[in-house]
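Everything below concerns the one structure shown next.
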Amino acid sequence: MSSRINRAAPHGEEWLSYLKQKTRDLVDAKIHGISFSPYVDGQGPGSIITEAQIHERLQIIAPHVNWVRTFSCTDGNELIPKIAKEYGLKTMVGVWIDGNHEKNEEELQNAIAVAREGHVDILGVGNEVMLRGDLSADQLVSYIERAKAELPNVQVGYVDAYYLFEDFPSVADACDVILTNCYPFWEGCPIDFAVPYMKEMYRRAINAGKGKPVIISETGWPNEGVPERGSVPSEENALKYFVETYAWAEEENIDVFYFSSFDEAWKVEKEGAVGAYWGLWDKDGNFKYST
Numbered sequence: 000m001s002s003r004i005n006r007a008a009p010h011g012e013e014w015l016s017y018l019k020q021k022t023r024d025l026v027d028a029k030i031h032g033i034s035f036s037p038y039v040d041g042q043g044p045g046s047i048i049t050e051a052q053i054h055e056r057l058q059i060i061a062p063h064v065n066w067v068r069t070f071s072c073t074d075g076n077e078l079i080p081k082i083a084k085e086y087g088l089k090t091m092v093g094v095w096i097d098g099n100h101e102k103n104e105e106e107l108q109n110a111i112a113v114a115r116e117g118h119v120d121i122l123g124v125g126n127e128v129m130l131r132g133d134l135s136a137d138q139l140v141s142y143i144e145r146a147k148a149e150l151p152n153v154q155v156g157y158v159d160a161y162y163l164f165e166d167f168p169s170v171a172d173a174c175d176v177i178l179t180n181c182y183p184f185w186e187g188c189p190i191d192f193a194v195p196y197m198k199e200m201y202r203r204a205i206n207a208g209k210g211k212p213v214i215i216s217e218t219g220w221p222n223e224g225v226p227e228r229g230s231v232p233s234e235e236n237a238l239k240y241f242v243e244t245y246a247w248a249e250e251e252n253i254d255v256f257y258f259s260s261f262d263e264a265w266k267v268e269k270e271g272a273v274g275a276y277w278g279l280w281d282k283d284g285n286f287k288y289s290t
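Under numbering that gives the first Met the number 0, the sequence shown has 58 at position 59, and the numbering climbs by one with no breaks.
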């Protein structure tokens, strides 16, 4: 199935219906991967996750993706990889690293244990640590190297914005695989130029990786909220970005993890109103773009 947009398609309501159908077709045919959060209303980072809610959420998305990406290995998140395997999914497992060194140790040790049980296909040690400025590059590299030493048969990488692999080459050098977040939206890019700009982000990550494999670990576009300069959240723009992203991914064989699986209310606190509307499914588990 080709995911390329038909430029002769009608506009207005018919155009929106066309984009919804293309999105539905892509999801039904399975996209490569998706960022998975099991949080329900009233939960957020630090909430204890139960096996029941992991099953409930994974049952919704498992027919539509090949991989899931997680963000943490504590507070019940360490249960996700094993359960994901029960649904036939591959896993990019996240180790949350920040300035809390005691918690970092718990995260890393749990991740190593989960990987030794055979539930980890790719391990992402840290997510946007350099972007937040939580640790020095040397401190982050130390965590990455420890994971690699303990898990010689698992691909180990680090997740951050594409340009930070340029800014911190020692971090890129430590990775088996470059896991890059590419968000034209957060850089204020108008929708008509968003996917071409993402291609440039990817190219820069490729160059920073010096021949290492590069995976787009996050990209997406919200369907509601406040504009970010030239980036406008809307249903049409979210659909257009999704369809064009996977047209490119299909043409050039790029592994893309879409952000995100479900709308998450807790993200409003840090990202404003737009933070709650990045999911392909709403907070109740309903697919948002039905025709």
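Backbone N, C-alpha and C fix where the C-beta goes; we use that ideal spot for every residue, glycine too.
Annotated three-state conformation of Gly156 is strand, per DSSP. Residue burial annotation: Gly208 is buried, with at least 16 other C-beta atoms found within 10 angstroms of its C-beta. Here the segment 177-196 makes contact with the segment 224-232; the two share three or more CB pairs at distances below 8 Å. Under the 8 Å Cβ criterion, the segment 40-48 does not count as touching the segment 10-23, having fewer than three qualifying pairs.
Within the segment 8-90, the complete alpha helix (DSSP H) segments at least 4 residues long are 12-27, 50-60 and 79-85, listed from N- to C-terminus. Membership of Ser169 in the alpha helix (DSSP H) is indicated by the continuous run Pro168 to Ala173.
Beta-bridge partners assigned by DSSP to Phe286: Trp280. Looking at the DSSP output, Val231 sits in no beta bridge, so it has no partner there.
Under the three-state reduction of DSSP output, Glu217 falls in the strand class.
One alpha carbon belongs to Trp95, the other to Tyr142, and they sit about 11 Å apart.
Take Val113, set aside five residues on each side of it, and the residues of its chain with a beta-carbon closer than 8 Å to its own are Cys72, Glu77, Pro80, Lys81, Val92 and Val119, in chain order.
Look at Val225 here: in three-state DSSP terms it is coil, with no helix or strand label. Annotation: the continuous beta strand (DSSP E) that includes Leu178 extends over Val176 to Asn180. The C-beta distance from Trp277 to Pro221 rounds to 5 Å, short enough to meet the 8 Å contact threshold. Put simply, the segment 126-143 touches the segment 156-174. At least three CB pairs are less than 8 Å apart. For Ile143, the uninterrupted alpha helix (DSSP H) segment begins and ends at Ala136 to Glu149.
A distance of 9 Å or more separates the beta carbons of Phe256 and Gly284. Distance between Lys266 and Val158, taken at the CA atoms: about 19 Å.
Cβ-Cβ distances below 7 Å link Val153 to Ala114, Val119 and Leu122 in the same chain, with the five nearest sequence neighbours on each side left out; the list follows chain order.
The C-beta distance from Val67 to Ile33 rounds to 6 Å, short enough to fall under 8 Å. CA-to-CA, the gap between Val39 and Gly125 works out to about 23 Å.
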